[in-house]
Amino acid sequence: MKTIKDFDFKNKKALVRVDFNVPQDENLNVTDNTRIVAVKPTVDKILADGGSVILMTHLGRPKGEVNDKYSLKHILSEVSKVLGQDVKFVEESVGEKAEQAAAELQAGEILLLENLRFHNEEEKGDETFAEKLSKLGDAYVNDAFGTAHRAHASTAVIAQFFPSTKFFGLLMEKELIAIDKVLKSGEKPVTAILGGSKVSTKITIIENILPAVDNLIIGGGMSFTFIKALGGKIGKSIVEDDKLSLALEILEKAKQHNVEVYLPTDVIIADDFNNEANRKECSIMEIPEDWQGLDAGPRSREIFNDVLMNSKTILWNGPIGVFEMSNFAAGTIALGDSIAEATKLGAFSLVGGGDSVAFVKQFGYADKVSYVSTGGGAMLECLEGLELPGVAAINK
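Our numbering applies: residue 136 is where the sequence shown begins, and numbers increase by one.
Right under this line is the structure:
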């Protein structure tokens, strides 16, 4: 893996693709700076070498048009604060102003280019646009794992213009190592927990990880498709009726790979999809007709805990209950506690995917697991066994 550790950036301008697509409030203030904090080690290394850094990123979906709402000038103060120095800003990503700002950049300084997606050419993967960007720096660094699954101009196409000076940033390296630990090099037993609402969105992940894992915990809404396929009564619980035979196929494939599959045995059910609904515990195989399962029950939590306490490598993607509603969050909280405890005892734990990441941040588990992935879609594609364009471009 070619990383920035392999290069001395003294007197070099590093063109660094980052993912600063950060959430903002109605006044355009940054509400979560995790993605900015994540690239600080890369920036620090380049500056410590005596180089300078030119940051490029997208923000939101301006669809190729200049739109003040999506201007990076609104996040400039937060970027400066996190990186510990005044970051310069230019209201272009390509063109004369950008070229001049890059040319004037001194060693130890940081420049932020304007939103790449103000140009349609970025998402189209336009080679001419990529070449214009490439002229701003001496070396190219991809530290944007969150967009590595996109074949955009700044994430994949640009690398060809830096045949010998293209590198992964330290964040990208950490992400790829974490995923490799789960799929290839992790200590056994390896346990994957897949939750969320739909089996259909996780099929390729399940098929790809079966040869790598020892245990598969299936929870959340997607578990009801499996339970119905096995002959259970699931009431009004969420289900994909067209995926019942697929669920049985997955269970059969798991058996062929000697993977133990754990489904919830009991659930917290409700007579309506809201936090104040009437609720009770019952067997997942016997949910009454007008009720729906919204959380894993106490027995299921114990079973999952036992599996996790005996695991050395853990992947978690997707909640096992509707944690957004406090009365149905206990199952996911119990799962978080189990993973945190297993991690404390020496297991490696990787959390990825939008809802799981939202949960660990909201409930304070982010520093109790080994690694929280910054890239939802990119991580899922890695787990599906796909080569990410942004990764392939550096490895070429």
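Glycine is no exception: its CB is placed at the ideal position from the N, C-alpha and C atoms.
Taking just the CA atoms, how far does residue j sit from residue i?
i: residue 354; j: residue 513; result: 22 Å
i: residue 319; j: residue 227; result: 42 Å
i: residue 343; j: residue 162; result: 43 Å
i: residue 390; j: residue 325; result: 16 Å
i: residue 193; j: residue 423; result: 48 Å
i: residue 186; j: residue 144; result: 5 Å
i: residue 315; j: residue 339; result: 17 Å
i: residue 276; j: residue 229; result: 17 Å
i: residue 147; j: residue 154; result: 22 Å
i: residue 392; j: residue 337; result: 18 Å
i: residue 284; j: residue 256; result: 17 Å
i: residue 386; j: residue 306; result: 35 Å
i: residue 509; j: residue 258; result: 20 Å
i: residue 421; j: residue 381; result: 22 Å
i: residue 169; j: residue 282; result: 15 Å
i: residue 503; j: residue 481; result: 12 Å
i: residue 293; j: residue 274; result: 11 Å
i: residue 441; j: residue 398; result: 13 Å
i: residue 350; j: residue 453; result: 16 Å
i: residue 231; j: residue 272; result: 14 Å
i: residue 179; j: residue 459; result: 37 Å
i: residue 483; j: residue 321; result: 8 Å
i: residue 278; j: residue 369; result: 44 Å
i: residue 269; j: residue 212; result: 26 Å
i: residue 317; j: residue 235; result: 45 Å
i: residue 446; j: residue 406; result: 36 Å
i: residue 261; j: residue 221; result: 32 Å
i: residue 529; j: residue 298; result: 9 Å
i: residue 300; j: residue 312; result: 21 Å
i: residue 238; j: residue 501; result: 40 Å
i: residue 207; j: residue 199; result: 15 Å
DSSP on residue i, reduced to helix/strand/coil?
i: residue 439; result: helix
i: residue 395; result: strand
i: residue 452; result: strand
i: residue 290; result: coil
i: residue 405; result: strand
i: residue 530; result: helix
i: residue 369; result: strand
i: residue 189; result: strand
i: residue 283; result: coil
i: residue 429; result: strand
i: residue 196; result: coil
i: residue 383; result: helix
i: residue 422; result: strand
i: residue 147; result: coil
i: residue 166; result: coil
i: residue 174; result: coil
i: residue 363; result: helix
i: residue 389; result: helix
i: residue 270; result: coil
i: residue 447; result: coil
i: residue 378; result: helix
Give a yes or no on whether the C-beta atoms belonging to residue i and residue j are separated by under 8 Å.
i: residue 428; j: residue 404; result: yes
i: residue 467; j: residue 439; result: no
i: residue 331; j: residue 430; result: no
i: residue 125; j: residue 486; result: Shown here, the chain extends from 136 to 531; a query on residue 125 therefore has no answer.
i: residue 150; j: residue 210; result: no
i: residue 448; j: residue 302; result: no
i: residue 410; j: residue 461; result: yes
i: residue 248; j: residue 217; result: no
i: residue 525; j: residue 498; result: no
i: residue 164; j: residue 197; result: no
i: residue 384; j: residue 334; result: no
i: residue 444; j: residue 475; result: no
i: residue 451; j: residue 328; result: yes
i: residue 345; j: residue 363; result: no
i: residue 253; j: residue 201; result: yes
i: residue 280; j: residue 310; result: yes
i: residue 304; j: residue 492; result: no
i: residue 488; j: residue 515; result: yes
i: residue 167; j: residue 158; result: yes
| Runs of beta strand (DSSP E) wholly within the region 296-354 (minimum 3 residues, chain order) | Inside the region 296-354, DSSP marks whole beta strand (DSSP E) runs of 3 or more residues at positions 301-303, 325-329, 350-353, from first to last along the chain.
| query | Between the region 283-295 and the region 251-270, do at least 3 Cβ pairs fall closer than 8 Å? | reply | Here the region 283-295 lies against the region 251-270, with 3 or more beta-carbon pairs under 8 Å apart.
| query | Can we say the region 357-367 touches the region 394-402, given the rule of at least three CB pairs closer than 8 Å? | reply | When C-beta atoms of the region 357-367 are compared with those of the region 394-402, three or more pairs fall below 8 Å, so the two segments count as touching.
| task | Please specify which runs of the alpha helix (DSSP H), each continuous and at least 4 residues long, are wholly inside the region 459-527, giving them in chain order. | result | Runs of alpha helix (DSSP H) with 4 or more residues, each lying fully within the region 459-527, are found at 465-479, 489-497, 511-518, listed in chain order.
| said: Report the start-end ranges of each alpha helix (DSSP H) in the region 205-266 that is 4 residues or longer and not cut off at the edges. | reply: Runs of alpha helix (DSSP H) with 4 or more residues, each lying fully within the region 205-266, are found at 211-218, 231-239, 255-259, listed in chain order.
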